[in-house]
Amino acid sequence: MTWSQTARAFLMRFVNHATHECNLGVSGGVAVKRIMIIGGHGAGKTTLALRLGQITGLPVVHIDKSYHLPRWKKRPLAEAFAELENYANTERWIMDGDDFRSFGPRLKRAELIIYLHVSTLRRVGRVIKRAVQSFDKPRVDLPDGCRGKVSLRALKWAAYGYPVKMRPAIHNAMAQSDVPVFHLRTEGDVEKLEMQLAARG
1 MTWSQTARAF LMRFVNHATH ECNLGVSGGV AVKRIMIIGG HGAGKTTLAL RLGQITGLPV
61 VHIDKSYHLP RWKKRPLAEA FAELENYANT ERWIMDGDDF RSFGPRLKRA ELIIYLHVST
121 LRRVGRVIKR AVQSFDKPRV DLPDGCRGKV SLRALKWAAY GYPVKMRPAI HNAMAQSDVP
181 VFHLRTEGDV EKLEMQLAAR G
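In terms of this note's numbering, the sequence shown is residues 1 to 201.
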């Protein structure tokens, strides 16, 4: 099966354009109301989450927003985890982000995972580009009162922390879960799916 056929199959199985709902055919047509989008820094999670949110009408939750207060003041982790667990316990959402510390409650409630496999080199390039373009500007995925900044820590995490530390933990957690996973394995796959979604919008 070609990638385009796979993408069309995804849309047919998971997205009912007429009703703007996601339908999981393998679950007897029960509407999918909770979707996780995961992948490393710069993989395109936020863009895809927003596109899919427009198609399905599901509210989009950017998990990174829960970790900071205005002006990048760190929020107590207990508060952040509690807020994310509350989001996970609601009935309808698309949550983008892959912080493994809050992975459990989301995975427990998710009905579908979209996993963006983008090369480390490509992701790092995107992180640098985003940092430059959004410097001192608000972004939809940033906490209220925070603006884009250049962060060597974020760059290091994209290049080393995620592929070496986070990704193996995520793979292990998913291997122990029965939540369906839709894999996008290349940059082209992500772009093609976005075009498919846009064409149906």
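Here a beta-carbon is modelled for each residue, glycine too, at the ideal position from N, C-alpha and C.
Cβ separation of residue i and residue j, assumed to be a contact under 8 Å, to the nearest whole Å
i: ASP141; j: ASP64; result: 6 Å
i: THR56; j: ASP96; result: Actually they are not in contact, since the Cβ atoms of THR56 and ASP96 sit about 14 Å apart, beyond 8 Å.
i: PHE81; j: ALA169; result: The Cβ separation is near 16 Å, so there is no contact.
i: LEU84; j: ARG75; result: The pair is not a contact, with the Cβ atoms about 11 Å apart (cut-off 8 Å).
i: ALA110; j: MET36; result: 5 Å
i: ARG92; j: LYS33; result: 5 Å
i: PRO38; j: LEU116; result: The sequence given here has Ile at residue 38, not Pro. Sure, about 7 Å apart at Cβ, within 8 Å.
i: ILE114; j: LEU48; result: 7 Å
Residue i, buried or exposed, once every other Cβ within 10 Å from all chains shown has been counted against 16
i: LYS165; result: exposed
i: HIS41; result: buried
i: SER177; result: exposed
i: VAL118; result: buried
i: VAL127; result: buried
Residue of the options minimising C-alpha distance to residue i
i: LEU107; options: VAL118, ILE94, HIS117; result: ILE94
i: VAL60; options: TYR67, SER66, LEU52; result: LEU52
i: HIS62; options: PRO143, TYR160, PRO163, ALA154; result: PRO143
i: LYS129; options: ALA154, LEU50, ALA175; result: ALA154
i: TYR160; options: ARG139, THR120, ARG34; result: THR120
i: TYR67; options: ARG167, LYS192, ASP98, ALA49; result: ASP98
i: ALA43; options: GLY125, LEU77, LEU58; result: GLY125
i: GLY145; options: LEU58, LYS73, GLN54; result: LYS73
i: ARG71; options: HIS171, PRO138, ARG167; result: PRO138
Same chain only: Cβ atoms within 7 Å of residue i, ignoring 5 sequence neighbours per side
i: GLY104; result: none
i: ALA173; result: PHE103, LEU107
i: ASN89; result: ARG109
Residue-chain proximity (residue i, chain C), Cβ-Cβ < 8 Å
i: MET174; result: Protein chain content of the structure displayed is limited to a single chain, and chain C is not contained in it.
Contacts around residue i, its chain only, beta-carbon distance under 6 Å, and the 5 residues preceding and following it disregarded
i: PRO163; result: THR120
Three or more C-beta pairs under 8 Å: does that hold for the segment 170-185 against the segment 145-159? They do not touch, by the three-pair rule.
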